[in-house]
Amino acid sequence: MASQQPLPAAQPLGEVACDNDSASDIGNNSTISPATLATPESSASGAGSPAILPVTVHDRHDDNDLSTDNSFVDEKQFKPISSAAHEEWARRKSIGGEENEVLDALMEYVGLEGIKQQFLDIKSKVDIYKEQGRNLASERFSIVFQGNPGTGKTTIAGLYGRFLRSLRVLRVNRWNQEAISGIEIVNGGPSEIERKIKRLTDDGEGGVLIIDEAYQLISPQAGSAGRSAIDTILTMMETRAGRLAVVFLGYREEMEAFFEHNPGISSRIPYTMDFDDFREYELWKILCKTITDQHEKMEVEGGIGGLYMRCVIRRLSAGRGRKGFGNARAVQNILHHITQRQARRLVQEKRDGKIPNCDRLTKEDLLGPEPSTAIAMSPAWCELQDLIGLEQVKGNVKGLIDTIEINYKRELHDYRPIAFSLNRVFVGEPGTGKTTVARLYGRILAELGYLSRGDVVLKTAADFIGDCLGKSETQTRKILEASVGKVLIIDEAYMLDPGGSYGDHNKFKTGVLDTIVSVVQGQPFEDRCIILVGYEDKINAMFRNANPGLSRRFPHNQPFRFLNFTTEQLSAILQSKLRDQDLDCSEDALATACEIFKKGTRGSHTNAGVVDKALETAKMNYSRRISKTPFDPKNPNPKLEAVDFNLDLINNTRVNYREMMCGQIDAAILDQLEGYQKRHWKAKELGISPEDLELIPTRFVFYGPPGTGKTTTAHVMAQIFFEMGYLSVPEVVEYAATDLVGQYVGHTGQKTREKLRDAVGRLVFIDASRLLHGSYETEAVNELTRFLSQPALQRNIVAVLAGDKEDLDKLMRLPAVSNVFSEEVTFNHIPPEDCIALLGRELASHGMIDSTSFTFNPESPTHIRMKWLFSIMQSSSSWGNARDVKHLARQIQGKLFEFGDLDRQELEARFSALVVDCMERKVTGRKVRHDKPALGQPDHCTVELTSTPIPCCMESKQAPPAPIATEYNSGGQPQHRTGTEVKVDAGRSARDTGGYGERSTRGVGAAHARIDMDQGQAPRQNKAEAEKGATREEGVSDTVWEGMQKAKAAEIEEETRFRDLEQQWEKAREGLAQGGGEDGERLLQQRYDAIDKEYMEACTLFQRKEKIQEALRKMGRCKYGYSWRREGHGYRCEGGMHYVSDVEVERIVGP
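Under the numbering used here, the first residue of the sequence shown carries the number -9, and numbering increases by one thereafter.
Now the structure itself:
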């Protein structure tokens, strides 16, 4: 079948050395002989090769004089266009007797009406100057020719030199005319062009210098050499006025930049001639003359001026007015495609045994076959229909073909075709067949005659962007020129988005899009097709921010949408690929592959990419398996089995997360996760889809303080949900509020959306703290809930909001958030026993000490001590649970390294004291950071190890600690009275420290009347506080607590006896003062002396006790100021936990 070939497009810029319409300019593909188009005067250009003029057809030539088989003229035939310049010159010749051979030759050319008129104007001026007797030596005749290729600029430039010579406007004895290109000047440099002009104009010589593609002198590649050459040329034009005229040739847009380089150019070049594109009638005249020049006997179906020829010209003229339209050269190119189709048809007719007419151009030769016929026999169309899925895309291509069919019928009825663009926008995920369809799309357009080649050029946005201003435009233009006749695919085209109006507008990307708008017109017969590929929302954003002209060239509101493949379609793709590779698979293998596809589609949908990946894995496993078995001649091509695709899936191996995470995650949480697994696998056993029934939640809220295992649990959940098929990869993506919040209004929603899109197919873990602390954060929450509420994402992403209860409660009060995140998981502080176990595992994992060391033995005193210290740490608001435990392990590890080489016995001897010391230092450091010292309290107290037994360390069983006492301040905020202040002298080593923190007693007692107020103030204050009672500390055994209560009762009883004694002493003193006779007074004195002695001894003892209490308070062992009770050879705080020996007290108070 002879398929229609396309109409030609403009010759790419940069591939044409000059503007000559020579055979070399059209790629040596034309069947037209250059000799048939050359005029005798063409050698006058001096360019070194014959210049090809636009085909000379006299305007007064009758259309029907052309040789055809049945020439006819209908009402819509192209009508001759009258030439005012031609008529003016004829009048001047007939009436004024003027003569000029150059003007006679110029008037024979088709078109060029403005050029002809300017030639007449120049002659008129010269004639008037001569009549006036004025000197023309000071006149400048340099000129600029600008216009599209194929309009005859180079040919007319040679004619212009001859024209100036005929007018004798230059004072020269010998005439010279030379031509040079801009790139030749750049290569030679300023000195070379200066020597060339001097040779042209010295020794009485002069003439015209033609500079083709003059804009190359200011191109970035020319650099300073090109600009210096321009300055040299302008200077010599000025100094050699009257002897030199320079003709600058180039394309209009580039020549505008040429004039902008130096403002003096315009003043030195008085004339500019614009070469407009040929009109339809003129293009038709050129085509007619070219056909008859090639073959005088050639017949045209429908006549040389008939319907089919008009259709050809209308298709060709669709490119008029745009940059790069080829004009006369485009006529030669289209005739080349016509004759190529004719040759194919003639060969086919000979093959079929027919007798072809070689002197006839048929309708199919001129217009190509009918679209319906061509598409029915199109291999590319058949391949497109065989593709799996893509029903919407196939419908879009069919709609385009229907439009082409309608236009073809309109053309045959002499109506202009409906304008539409071949350019398209492809939107969809990777692996959906966009590149494959683009290749087929290009081949279909080529078979229908809309593209000359149809092959695909694949580029990315980065290929267009330059590294400096102006470079992007140059690179873009080169790519567009190289893609003429082809399908240009710009992948990730949204990366060309120049941005909005927030200061991030990218000039480089703007330059790319503006260049595309200037070069691409989006017309059906433009002989180019550009496809923009990317995500739909990002592509639309690019069109909103780009040049509005881009929307007129690309129908972005009607894109080709490539939908994601379903699991069934992916299975069909796999079977197709297996057939192409002579492979086969079992039913189990196919089912296993479908499970892999289902899991793979959860994340960033790679579509056919997941098939390729699974097949490559299967083939590799297949080769390994087959290589281990002997070859079976009866079965030389064994099938792929399920084990080749996924061994773990076939064995149904499931990780025991309860065993693996025991001690790291709370058992209740593990129960909850295990419940999800049981739901899923039970539903699978029953043949029920757990996703359809929504048995498994995918939106969670993690309540809990830091370090309680929220992140660890999230990673375990990622593994579990991956095994159940909800996630494509067992990964956790963690985001904080700063990752979601943007920089300006409207940016947050976009940024949040992009972050969440990146997390599809994974578990996204969002730190909820500070998510409601501003308007931008609120915008992030709104976008978060909107994105996660989409039904399509319910099974493709697992989301976790994590934080403390205060922040999360604020979020959950929002209905939108609470509706999305419905599943709650609570994390509590890690119990002290678990903290000790975690510390042991951390140390053992680094090989520091065996986790079964006596330090971590529940029966050891150090273990009890560690448990109590961990309880104190937990009372701090900044306690980080597992994080702080791991940090503590690193501190202990570092201290162990400081010991140097120790044998195991020495290590264990020091290890207990080291662990306790590091823990006490951690408590002290946390206290210093968070609490201010009380007024008058010393910043540091030295705690020393003594021989006194550690209190309550020998108790193997302890009652649960009493609840932490809570008070409320005036603002209603809770004030927790927990924790212990332990201050250790930083200068003491672990061997020398080991005392424990205490709480001071709210003691009782009264002062003697002779005790001063300073000494008596504390007892009264302590007595008042004692009435409030003390709180039992955590970790205090029942035995110790009962002993403390007995000691307290004994002290109260002792205070009561002291008060009774004081009252007796008062009565005895008053009785002695009143007197009672000699005998009575003597008895009273004896009684008073006895009571006074006892009373004074009691006061002395009480003062001693108060002094001891004051010393104990100043030691700062207890931040609550609990009183101290006598116990054995020392004192214990009323809270029950702390103990200070008599030795320590005597060091301060004295014996």
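Each residue gets a CB set at the ideal place from its N, CA and C atoms; glycine is no exception.
All values derive from a computational prediction rather than experimental measurement.
By Cβ distance, which residues of its chain are closer than 6 Å to THR816, with the 5 residues on each side in sequence left out? Position 826 of the sequence shown, counting from 1, holds the residue named residue 816. Taking C-beta separations shorter than 6 Å and ignoring five residues to either side along the sequence, the partners of THR816 in its chain run TYR693, following chain order.
Rounded to the nearest angstrom, what separates GLY1125 and ALA1037 at their Cα positions? The residue given as residue 1125 occupies position 1135 in the sequence shown. The residue given as residue 1037 occupies position 1047 in the sequence shown. Rounded to the nearest angstrom, the two C-alpha atoms are 12 Å apart.
Please report the straight-line C-alpha distance between PHE712 and VAL719, rounded to a whole angstrom. If you number the sequence shown from 1, residue 712 lands on position 722. If you number the sequence shown from 1, residue 719 lands on position 729. Here the C-alpha atom of PHE712 lies approximately 6 Å from the C-alpha atom of VAL719.
What are the boundary residues of the beta strand (DSSP E) that includes ILE756? The residue you call residue 756 lines up with position 766 of the sequence shown. For ILE756, the uninterrupted beta strand (DSSP E) run begins and ends at 753 to 757, by DSSP.
If we call anything under 8 Å between Cβ atoms a contact, is ILE276 one with VAL321? Here residue 276 corresponds to residue number 286 of the sequence shown, with the count starting at 1. Here residue 321 corresponds to residue number 331 of the sequence shown, with the count starting at 1. Closer than 8 Å, so yes.
Whole-number beta carbon distance between ALA308 and PHE515, since they are thought to touch under 8 Å: By 1-based counting over the sequence shown, the position of residue 515 is 525. By 1-based counting over the sequence shown, the position of residue 308 is 318. Contact between PHE515 and ALA308 holds: their C-beta atoms lie close to 5 Å from each other, under 8 Å.
Extent of the continuous alpha helix (DSSP H) to which VAL719 belongs: Translated into the one-based positions of the sequence shown, residue 719 becomes position 729. No alpha helix (DSSP H) holds VAL719; DSSP gives it neither H nor E.
Rank CYS825, SER73, ARG669 and THR688 by C-alpha distance to the C-alpha of GLY699 and give the top, closest one. Locating residue 699 in the sequence shown gives position 709, where the first residue counts as 1. Measuring from the Cα of GLY699, the nearest candidate turns out to be CYS825.
Using three-state DSSP, classify GLY197 as helix, strand or coil. Here residue 197 is taken as the residue at index 207 of the sequence shown, counted from 1. Strand, per DSSP.
Roughly how many angstroms separate the alpha carbons of LEU102 and GLU270, rounded to a whole number? Here residue 102 refers to the residue found at position 112 of the sequence shown. Here residue 270 refers to the residue found at position 280 of the sequence shown. Each residue's Cα considered, the two are about 13 Å apart.
For MET802, report the span of its beta strand (DSSP E) as first-last. For the purposes of this step, residue 802 is identified with residue 812 of the sequence shown, where counting begins at 1. Segment 795 to 802 is the alpha helix (DSSP H) holding MET802; no beta strand (DSSP E) there.
With a Cβ-Cβ cutoff of 8 Å, do THR701 and PRO420 count as a contact? Along the sequence shown, read from residue 1 onward, the residue named residue 701 stands at position 711. Along the sequence shown, read from residue 1 onward, the residue named residue 420 stands at position 430. No; because the gap between Cβ atoms is not below 8 Å, this pair is not in contact.
Cross-strand partners of SER171 (DSSP beta bridge): The residue given as residue 171 occupies position 181 in the sequence shown. Checking the DSSP bridge columns, you'll see SER171 partnered with ASP202.
Provide the residue(s) that pair with MET263 in DSSP beta bridges, ordered along the chain. Numbered from its first residue, the sequence shown carries residue 263 at position 273. PHE135, per the DSSP bridge assignment.
Boundaries (first-last residue) of the alpha helix (DSSP H) holding ARG614: Residue 614 sits at position 624 when you count from the first residue of the sequence shown. First-last of the alpha helix (DSSP H) with ARG614: 598 to 617.
With DSSP as the reference, label ALA215 as helix, strand or coil. Position 225 of the sequence shown, counting from 1, holds the residue named residue 215. In the displayed model, ALA215 falls within a helix according to three-state DSSP.
When we look at the beta-carbon of GLU463 and count the other beta-carbons within 10 Å, is it buried (16 or more) or exposed? Here residue 463 corresponds to residue number 473 of the sequence shown, with the count starting at 1. Counting Cβ neighbours within 10 Å, GLU463 comes out buried, since at least 16 surround it.
Can you find the residues in the same chain that come closer than 7 Å, C-beta to C-beta, to ILE616, ignoring five residues on each side of it along the sequence? In the sequence shown, the residue the question calls residue 616 occupies position 626. Within the same chain, ILE616 has close Cβ partners PRO628.
Could you name the residues of the same chain whose beta carbon sits closer than 6 Å to that of ILE200, not counting the 5 residues immediately before and after it, in chain order? In the sequence shown, counting from the first residue as 1, residue 200 sits at position 210. If we look at ILE200 and ignore the five residues flanking it on each side, its Cβ neighbours are ALA147, ALA169 and VAL237.
Which residues in the same chain have their Cβ closer than 8 Å to the Cβ of ILE1216, if we skip the five residues on either side of it in sequence? With the chain running from -9 to 1141 in the structure shown, residue 1216 is simply not present.
Beta bridge counterpart(s) of THR450 as assigned by DSSP: Translated into positions along the sequence shown, residue 450 becomes position 460. Beta bridge pairing from DSSP links THR450 with ASP481.
Mapping DSSP to helix, strand and coil, what is VAL92? By 1-based counting over the sequence shown, the position of residue 92 is 102. Of the three classes helix, strand and coil, the one that applies to VAL92 here is helix, per DSSP.
Give me, in chain order, the residues of the same chain whose beta-carbon lies closer than 7 Å to that of GLY1061; leave out the 5 immediate sequence neighbours on both sides. Taking the first residue of the sequence shown as 1, we reach residue 1061 at position 1071. Cβ within range, chain order: LEU1074.
Taking only the alpha-carbon atoms, compute the straight-line gap between ILE434 and MET367 and give it to the nearest angstrom. Your numbering for residue 434 matches position 444 in the sequence shown. Your numbering for residue 367 matches position 377 in the sequence shown. Looking at the two C-alpha atoms, the distance is approximately 10 Å.
Just reading off the beta strand (DSSP E) that SER1131 is part of, what are its end residues? Numbered from its first residue, the sequence shown carries residue 1131 at position 1141. Annotation: the continuous beta strand (DSSP E) that includes SER1131 extends over 1129 to 1131.
Identity of the residue in LEU663, GLN1093, GLU1084 and SER868 nearest ASP794 by Cα: The count along the sequence shown starts at 1 and reaches residue 794 at position 804. Of the candidates LEU663, GLN1093, GLU1084 and SER868, the one whose C-alpha sits nearest the C-alpha of ASP794 is SER868.
Rounded distance between the beta-carbons of LEU149 and LEU96, thought under 8 Å: The sequence position of residue 96 within the sequence shown is 106, counting from 1. The sequence position of residue 149 within the sequence shown is 159, counting from 1. Between LEU149 and LEU96 the Cβ distance is about 6 Å, and since that is below 8 Å, they are a contact.
Closest residue to LEU448 among ASP264, THR466 and LEU478 (Cα-Cα distance): The residue labelled residue 448 in the question sits at position 458 within the sequence shown. Closest option to LEU448, Cα to Cα, is LEU478.
Proximity to GLY316 [Cα-Cα], best of ASP267, TYR298, HIS285 and THR914: On the sequence shown, position 326 is the one that residue 316 refers to. Selected option, being the one with the closest Cα: ASP267.
Classify GLN375 as buried or exposed, calling it buried when 16 or more other Cβ atoms lie within 10 Å of its own Cβ. As a working mapping, residue 375 is identified with position 385 in the sequence shown. Using a 10 angstroms sphere on the CB of GLN375, the tally of other CB atoms stays under 16, which defines it as exposed.
Is it true that the CB of ARG233 sits closer than 8 Å to the CB of ARG161? In the sequence shown, counting from the first residue as 1, residue 161 sits at position 171. In the sequence shown, counting from the first residue as 1, residue 233 sits at position 243. The criterion of a C-beta distance shorter than 8 Å is satisfied by ARG161 and ARG233.
Just tell me which of VAL731, ASN818, SER812 and LEU568 has its CA closest to the CA of GLY697. Residue numbering aside, residue 697 sits at position 707 when the sequence shown is read from its first letter. Nearest option by C-alpha distance: ASN818.
Could you pull out every unbroken alpha helix (DSSP H) segment of at least 4 residues lying fully inside the stretch 527 to 571, listed in chain order? For the alpha helix (DSSP H) assignment, the uninterrupted runs of no fewer than 4 residues enclosed by the stretch 527 to 571 are, from N- to C-terminal side, 539 to 543 and 557 to 570.
Which term fits GLU1023, buried or exposed, when burial requires 16 or more other beta carbons within 10 angstroms of its beta carbon? As a first step, residue 1023 is located in the sequence shown; it is residue number 1033 there, counting from the start. Burial call: buried.
LYS120 versus GLY197: straight-line alpha-carbon distance, rounded: The residue you call residue 120 lines up with position 130 of the sequence shown. The residue you call residue 197 lines up with position 207 of the sequence shown. So the two alpha carbons sit approximately 20 Å from each other.
Do PRO210 and GLY460 come within 8 Å of each other at the CB atom, strictly closer than that value? Start at 1 with the first residue of the sequence shown, and residue 460 comes out as number 470. Start at 1 with the first residue of the sequence shown, and residue 210 comes out as number 220. Cβ atoms of GLY460 and PRO210: closer than 8 Å.
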